[in-house]
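Student:
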Amino acid sequence: MKSNCLNILIIEDNPGDIKLISDMLTGHLNQTFILSHVSLLKDALKILGEKKFDVILLDLNLPDSRGLEGLEKIVQQKPRYPIIVLTGLDDENIGMEAIKKSAADYLVKGQISDNLLIRSIRYAIERKHVEEILKEKNFELQKIDKKKSEFVSMVAHDLKTPLTSIMGFADSLVNKKLKLTEEQKETFIGYIQEESRRLGRLISDFLDISNIEEGKFGLKKQNTDIKKLINKTVEMFKFNAKEIQFIKEFENNLCEIVIDQDRIRQVLQNIIGNAIKYSPLKSVIKVILKRKLDETQIIICDQGQGIANEEKEIIFEKFYRVDSHISRLELGTGLGLAISKAIIEKHGGKIWVEDNVPIGSCFIFTIPC
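In structure tokens, the structure reads:
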């Protein structure tokens with residue numbers, strides 16, 4: 158038992174039984190009991206709303222309640238309290254029914270000894286403690302199960318969209334009745350290729366987040382020229398986003414860093430890709446690289462609509478997606494930033510988002526030197 162002093166509420170109207178129980182608990186060498194007593198159920202419900210008790214001893218036959226009525230009302234008001242019911246010699250069946258209705262134990266009057274009573278109190282407290290732990294564990298398992306169900310549902314939905322497009326265009330290509338022109342065929346093949354690449358990205362994201370959650374997410378680190386890595390990544394985006402201007406600002410006093418190049422490139426692609434999605438045409442995306450004390454800091458700023466303060470933390474959670482109406486391009490899985498956060502934290506760094514002045518957002522992440 159965690160406490161050497163236990164508060165006991167005795168709900169009993171028989172003076173002889175009250176004295177017997179009090180005598181058994183008073184003066185115990187290894188345990189101190191503070192006893193409170195009421196004779197009516199209504200008084201018990203009142204005092205339970207005012208004071209805290211470790212155990213309740215409940216007589217099932219009170220002037221204002223009979224049988225299991227009192228137990229049910231107390232359990233309804235204080236479901237976490239351990240309750241030991243006291244029954245008459247011919248009430249053992251009721252005692253068993255009481256156990257089924259959340260009583261921790263039952264004792265038959267006339268057969269109670271001080272050791273039996275104290276053991277029952279300790280047992281009741283421990284049993285209730287274990288029950289609460291099991292309830293919490295069960296609740297956590299239910300939450301995990303719900304998240305897994307949501308994950309499976311999300312995966313199925315996100316994979317179905319590009320797959321449906323691929324099947325639709327493929328069916329059109331083999332349907333001779335449509336009499337497609339060569340230009341139309343090339344267009345449809347282009348759509349199939351684009352949707353296939355999108356499907357590949359979705360599968361990669363789902364595999365990454367699954368490995369992260371299972372603790373199978375490792376890094377292959379090596380000495381890296383971070384300037385070169387950023388330059389290559391930006392050039393790739395410049396080729397495909399000709400309506401966006403990229404500005405790079407690199408400091409010279411950078412420290413040497415050891416990173417998983419592919420994973421940091423993935424972070425850069427996620428953040429820059431999002432910046433392009435949420436930036437208006439002809440706007441500027443700035444990539445800043447600088448040293449701050451014993452870490453390298455990479456800042457990517459856009460001129461989009463920005464991110465509300467209440468979203469700046471949850472934006473890194475799985476499946477979070479910004480409203481689609483502020484994006485010029487199709488949204489992804491909602492896993493990119495969650496994966497990016499896991500990658501940066503695996504490197505020992507941090508990632509967060511701030512407001513860009515006068516408009517837009519700046520995503521910042523650090524990598525230790």
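For the sequence shown, my numbering gives the first residue as 158, with consecutive numbering after it. Backbone N, C-alpha and C define an ideal beta-carbon position, used for all residues, glycine too. Note that the structure is a prediction, hence the values are computed from the model and not measured.
(1) Answer with buried or exposed for G461, where buried requires no fewer than 16 other C-beta atoms within 10 angstroms of its C-beta.
(2) Within 7 Å of any Cβ in chain D, is that where the Cβ of P319 sits?
(3) Output the residue ranges of the alpha helix (DSSP H) runs that lie fully inside the segment 167-219 and measure 4 residues or longer, sorted by chain position.
(4) Taking one C-beta from the segment 450-469 and one from the segment 333-343 each time, how about it: are there three or more such pairs within less than 8 Å?
(5) Which residue marks the beginning of the alpha helix (DSSP H) containing V424, and which one marks its end?
(6) Helix, strand or coil, according to DSSP, for R237 in the structure here?
(7) Do three or more CB pairs link the segment 496-508 to the segment 435-445 at distances below 8 Å?
(8) Locate the alpha helix (DSSP H) running through Q341, then write down its first and last residues.
(9) Do you know whose CA, among K235, P515, G224, K434, lies nearest A255's CA?
(10) Straight-line CA distance for R485 to N397?
(11) For a quick check, are the C-beta atoms of I561 and K384 less than 7 Å apart?
(12) For H286, tell me which candidate among I428, L177, K449, A261 has the shortest Cα-Cα distance.
(13) Quick one: residues in its chain with C-beta nearer than 6 Å to the C-beta of F394, no 5 flanking neighbours on either side, listed in chain order?
(14) Could you give the C-beta distance for G227 and L198, rounded to a whole number, given that I count them as a contact under 8 Å?
(15) Based on the DSSP output, what are the partners of P525 in its beta bridges?
(16) Measure the C-alpha to C-alpha separation of I269 and I231 and round it to an integer number of angstroms.
(17) What does the alpha-carbon distance come out to for the pair M181 and E283?
(18) I'd like the span of the alpha helix (DSSP H) that includes F308, first residue to last.
(19) Could you tell me which of I472, L376, H504 sits nearest to G491, measuring between CA atoms?
(20) Quick check: the Cα distance between D328 and K475, rounded to an integer number of angstroms?
(21) Is L420 buried or exposed, if buried means 16 or more other CB atoms sit within 10 Å of its CB?
(22) By the three-class DSSP mapping on this structure, what secondary structure does L494 have?
(23) Less than 7 Å between the C-beta atoms of V242 and L215, yes or no?
(24) How is the alpha helix (DSSP H) around I383 delimited, first residue to last?
Tutor: In short, the structure shows the following:
(1) Here residue 461 refers to the residue found at position 304 when the sequence shown is read from its first residue. So G461 ends up on the buried side.
(2) Protein chains in the displayed structure number just one, and chain D is not present.
(3) The segment 167-219 contains these whole alpha helix (DSSP H) runs: 172-182, 198-205.
(4) The segment 450-469 is not in contact with the segment 333-343.
(5) Locating residue 424 in the sequence shown gives position 267, where the first residue counts as 1. Run containing V424: 418-434, per the alpha helix (DSSP H) assignment.
(6) Here residue 237 is taken as the residue at index 80 of the sequence shown, counted from 1. If DSSP states are grouped into helix, strand and coil, R237 belongs with coil.
(7) These segments do not touch.
(8) Your numbering for residue 341 matches position 184 in the sequence shown. Segment 339-370, the alpha helix (DSSP H) holding Q341.
(9) Position 98 of the sequence shown, counted from the first residue, corresponds to residue 255. Closest by alpha carbon: G224.
(10) Locating residue 485 in the sequence shown gives position 328, where the first residue counts as 1. Locating residue 397 in the sequence shown gives position 240, where the first residue counts as 1. With a pLDDT of only 44 at R485, under the threshold of 50, the placement of this residue in the model should not be trusted, and no figure is reported.
(11) Any question about residue 561 goes unanswered here, given that the chain covers just 158 to 526.
(12) To locate residue 286, count along the sequence shown from 1; it is residue 129. Measuring from the Cα of H286, the nearest candidate turns out to be A261.
(13) As a first step, residue 394 is located in the sequence shown; it is residue number 237 there, counting from the start. Closer than 6 Å at Cβ, skipping near neighbours: I429.
(14) Locating residue 227 in the sequence shown gives position 70, counting from the first residue. Locating residue 198 in the sequence shown gives position 41, counting from the first residue. Contact holds; Cβ gap of about 5 Å.
(15) Taking the first residue of the sequence shown as 1, we reach residue 525 at position 368. The partner list for P525 (beta bridge, DSSP) reads E452.
(16) Position 112 of the sequence shown, counted from the start, is the residue given in the question as residue 269. Position 74 of the sequence shown, counted from the start, is the residue given in the question as residue 231. I269 and I231 have their C-alpha atoms spaced approximately 23 Å apart.
(17) Translated into positions along the sequence shown, residue 181 becomes position 24. Translated into positions along the sequence shown, residue 283 becomes position 126. If you take the alpha carbons of M181 and E283, they lie about 20 Å apart.
(18) By one-based count along the sequence shown, residue 308 stands at place 151. Counting along the chain, the alpha helix (DSSP H) containing F308 begins and ends at 271-331.
(19) Here residue 491 corresponds to residue number 334 of the sequence shown, with the count starting at 1. Out of I472, L376, H504, I472 has the C-alpha closest to the C-alpha of G491.
(20) Against the sequence shown, residue 328 aligns to sequence position 171. Against the sequence shown, residue 475 aligns to sequence position 318. Taking the straight line joining both Cα atoms gives about 34 Å.
(21) If you number the sequence shown from 1, residue 420 lands on position 263. Checking the displayed sequence, the identity of residue 420 turns out to be Arg instead of Leu. Burial call: buried.
(22) Stepping through the sequence shown from its first residue, residue 494 is reached at position 337. L494 sits in a helix when the DSSP states are folded into three classes.
(23) As a first step, residue 242 must be located in the sequence shown, where it is residue number 85. As a first step, residue 215 must be located in the sequence shown, where it is residue number 58. One thing to note: V242 has its Cβ within 7 Å of the Cβ of L215.
(24) Counted from its first residue, the sequence shown places residue 383 at position 226. Element bounds for I383: 383-397.
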